[in-house]
Amino acid sequence: MSTDTPLPPLAIRERTATAASARRAGEPVAVSLRGVRKAFGDKTVLDGVDLEIHRGEFVVLLGPSGTGKTTLLRLLTGLERPDAGQILVPGQRTTVYQEPRLIPSKRVLANVTVGQRRTAENRARAVRALAEVNLETKARQWPATLSGGEAQRVALARALVREPELLLLDEPFAALDALTRLQMQDLVGDLVARHRPAVLLVTHDVDEAVRLADRVLILNEGRFAVDVDIDLARPRDRTDPESLRYRAAFLAELGVGRAASDDTT
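Going by UniProt numbering, 144 is the number at position 144 of the sequence shown; the sequence numbering is gapless.
The structure is reproduced here in structure tokens:
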């Protein structure tokens with residue numbers, strides 16, 4: 001039996017200064033929300049939300065279904081308008097969804113360049129983007145020949161070739177098998193570190209949040225119940241005691257604390 005003293009529970013509601021917050025202070029603000037409110041009929045989904053995301057910051061948004069995560073993402077993409085408040089986002093922004101949304105009638109390279117002018121420079125950038133996601137040999141393939149993970153990597157290349165200042169990720173790994181999901185998480189982490197956009201990832205996966213995030217938000221009843229930095233070195237080991245503390249704290253906040261305790265005993 002181990003004689004190690006167990007680490008105390010993590011007080012995730014207590015926002016404190018960290019190395020991550022110090023780094024963030026040196027970067028420009030890419031996203032700013034002030035007093036944002038959104039309702040659908042009698043149901044208030046977002047109730048006076050404030051948020052800043054800085055360049056190069058990887059923010060993960062957790063929350064139960066129906067708490068406004070998708071609405072917040074749609075506000076940032078411009079697909080919804082707030083009822084009140086102010087939203088400032090960069091013009092260069094793009095979204096990767098759970099479904100790759102590739103065009104079946106276009107080859108892989110053409111899917112990456114879709115919507116862009118047909119120039120040699122844009123084609124060269126698309127080729128480089130495919131190389132970054134390890135799909136340079138698939139440029140002439142049709143989408144139907146790709147695996148689910150490969151198709152999602154094409155979608156990621158299509159997003160990054162536009163050099164976004166804001167990258168929005170709407171549960172992009174949810175439909176992938178467990179191994180491919182881990183590989184995609186590592187790939188996204190590496191690409192974000194290289195390109196340094198501001199990132200907002202919406203997910204239900206707490207392990208994914210701890211693995212990738214600089215900062216985790218939990219949305220509940222229209223407001224951020226939690227806003228905490230993940231001040232852990234990379235790469236991260238999900239079995240590390242500090243990672244497990246974050247995991248247990250987030251699960252408890254989401255109402256599944258007993259499951260977290262059972263998993264770690």
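All residues carry an ideal CB built from backbone N, CA and C; glycine is no exception.
A quick note: this is a predicted structure, and the numbers were derived from the prediction, not measured.
Query raised in the report: Does the count of Cβ pairs from the stretch 97-116 and the stretch 71-88 closer than 8 Å reach three?
Result: The stretch 97-116 is not in contact with the stretch 71-88.
**Report entry** N- and C-terminal bounds of the beta strand (DSSP E) containing A84
**Finding:** A84 to L88
Report task. Quick one: which unbroken alpha helix (DSSP H) runs of 4-plus residues sit fully inside the stretch 21-83? Chain order, please. Result -> 69-77
Requested in this report: Can you say whether V59 is buried or exposed, counting buried as having 16 or more other CB atoms within 10 angstroms of its CB?
Outcome: buried
Query raised in the report: Taking all protein chains shown into account, do 16 or more other C-beta atoms lie within 10 angstroms of the C-beta of N134, making it buried, or fewer, making it exposed?
Result: exposed
**Report entry** Boundaries (first-last residue) of the beta strand (DSSP E) holding F224
**Finding:** R223 to D229 is the span of the beta strand (DSSP E), which, as asked, contains F224.
**Report entry** Cα-Cα separation between D186 and V199, rounded to whole angstroms
**Finding:** 15 Å
Query raised in the report: Does the distance from the C-beta atom of R34 to that of Q86 stay below 8 Å?
Result: yes
Report task. Could you tell me how far apart the beta carbons of V202 and K69 are, in whole angstroms, since I believe they sit closer than 8 Å? Result -> 5 Å
Query - Option in E27, A131, T71 and A139 with minimal Cα separation from I53 - result: E27
Query raised in the report: Hey, would you say E57 sits closer than 8 Å to D214, going by beta carbons?
Result: yes
Report task. Keeping to the same chain, check which residues put their C-beta closer than 7 Å to that of R247; ignore five residues upstream and five downstream. Result -> V206, D207, V210 and A260
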